[in-house]
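Single-structure report; data block below.
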Amino acid sequence: MDAHRTPRATELALVAVLAATAALVAAFVRSTAGGEADPGTTGAVLAALTALFALRVVGQVLVRARAPRFLPATEDWNLMPYRLLLPIQIAFLAAMTLVAADLLRGGTGVADASPAFGRATIWFAVAYAVAMVIRYGVRMTRRPGERWFGGTIPIVFHLVLAAYVFVLGIFHASY
Numbered sequence: 788m789d790a791h792r793t794p795r796a797t798e799l800a801l802v803a804v805l806a807a808t809a810a811l812v813a814a815f816v817r818s819t820a821g822g823e824a825d826p827g828t829t830g831a832v833l834a835a836l837t838a839l840f841a842l843r844v845v846g847q848v849l850v851r852a853r854a855p856r857f858l859p860a861t862e863d864w865n866l867m868p869y870r871l872l873l874p875i876q877i878a879f880l881a882a883m884t885l886v887a888a889d890l891l892r893g894g895t896g897v898a899d900a901s902p903a904f905g906r907a908t909i910w911f912a913v914a915y916a917v918a919m920v921i922r923y924g925v926r927m928t929r930r931p932g933e934r935w936f937g938g939t940i941p942i943v944f945h946l947v948l949a950a951y952v953f954v955l956g957i958f959h960a961s962y
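Numbering (our numbering), first residue to last: 788 to 962.
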């Protein structure tokens, strides 16, 4: 296999993650049209997005422990040293899980629902997603030999995080 070739299984998984993320966000937005977002529905969508992000963390651990052929090398997974990245990702997963669990129990996502916070969060999520799309474009321009999937694992999962923030923002903005 070419050193810069993303394994086909990884390519399919990345497309599936993007499709699932888009479907979750679209279904959530439809469910909130014209009214307040339901905490339980919001919690379920956030839990699903948390599970998608957890796939990245598990994949990284698997690559470092076993180096399976269906996943790319460690270099395709992160820009920062893994010893720093893994604890940050675990903290993200813990926080994401706490927020989703709070909403599933009927809470407001750890803090009181706030329309101003929600609007700011939506803007942040959109800017974050746009930055990832730009990052993808720059990477594909600079490394045409790695199109369409080379080095995209971080980008795809940053889009999952942006979707999480977006859904949380819509929940808060709806009150």
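A virtual CB, placed ideally from N, CA and C, is assigned to each residue, including glycine.
May I ask you to report which of helix, strand or coil DSSP gives residue i?
i	result
Trp864	coil
Trp910	helix
Val897	coil
Gly937	coil
Tyr915	helix
Arg969	Because residue 969 is not part of the residues shown, which for the chain are 788 to 962, the question remains open.
Asp825	coil
Ala820	coil
Grab me the residues of residue i's own chain with a C-beta within less than 7 Å of its C-beta, minus the 5 sequence neighbours each way, in chain order.
i	result
Ala807	Leu839
Ala835	Leu811
Using the C-alpha atoms, what's the distance from residue j back to residue i?
i	j	result
Pro902	His959	5 Å
Ile757	Thr837	Any question about residue 757 goes unanswered here, given that the chain covers just 788 to 962.
Tyr923	Val952	20 Å
Phe911	Ala860	31 Å
Arg950	Val897	The identity of residue 950 in the sequence shown is Ala, whereas the question assumes Arg. Ala950 and Val897: Cα-Cα distance of roughly 18 Å.
Arg854	Leu948	In the sequence as displayed, the identity of residue 854 is Ala instead of Arg. So the two alpha carbons sit approximately 25 Å from each other.
Answer with yes or no whether the minimum CB distance from residue i to chain B is below 8 Å.
i	result
Phe911	As a matter of chain content, chain B is missing from the structure shown, which is built from one protein chain.
Classify residue i as buried or exposed, calling it buried when 16 or more other Cβ atoms lie within 10 Å of its own Cβ.
i	result
Arg843	buried
Val943	buried
Met883	buried
Gly905	buried
Ala824	buried
Using a Cβ-Cβ cutoff of less than 8 Å, which residues in the same chain neighbour residue i once the five nearest sequence positions on both sides are dropped?
i	result
Met788	Bear in mind that the predicted position of Met788 carries a pLDDT of just 41, short of 50, making it unreliable; the figure below should be weighed with that in mind. Hits under 8 Å: Pro794, Arg856.
Ala967	Absent from the structure is residue 967, since the part of the chain shown begins at 788 and ends at 962.
By Cβ distance below 6 Å, which residues in the same chain neighbour residue i in space, the five residues on each side in sequence not counted?
i	result
Gly830	Ala887, Leu890, Leu891
Met927	Arg934
Val804	Leu839, Val943
Are there any heavy atoms of the ligand HEM lying less than 7 Å away from the beta-carbon of residue i, as far as the coordinates show?
i	result
Phe857	Within the structure as shown, the ligand HEM is missing, as the structure has no ligands at all.
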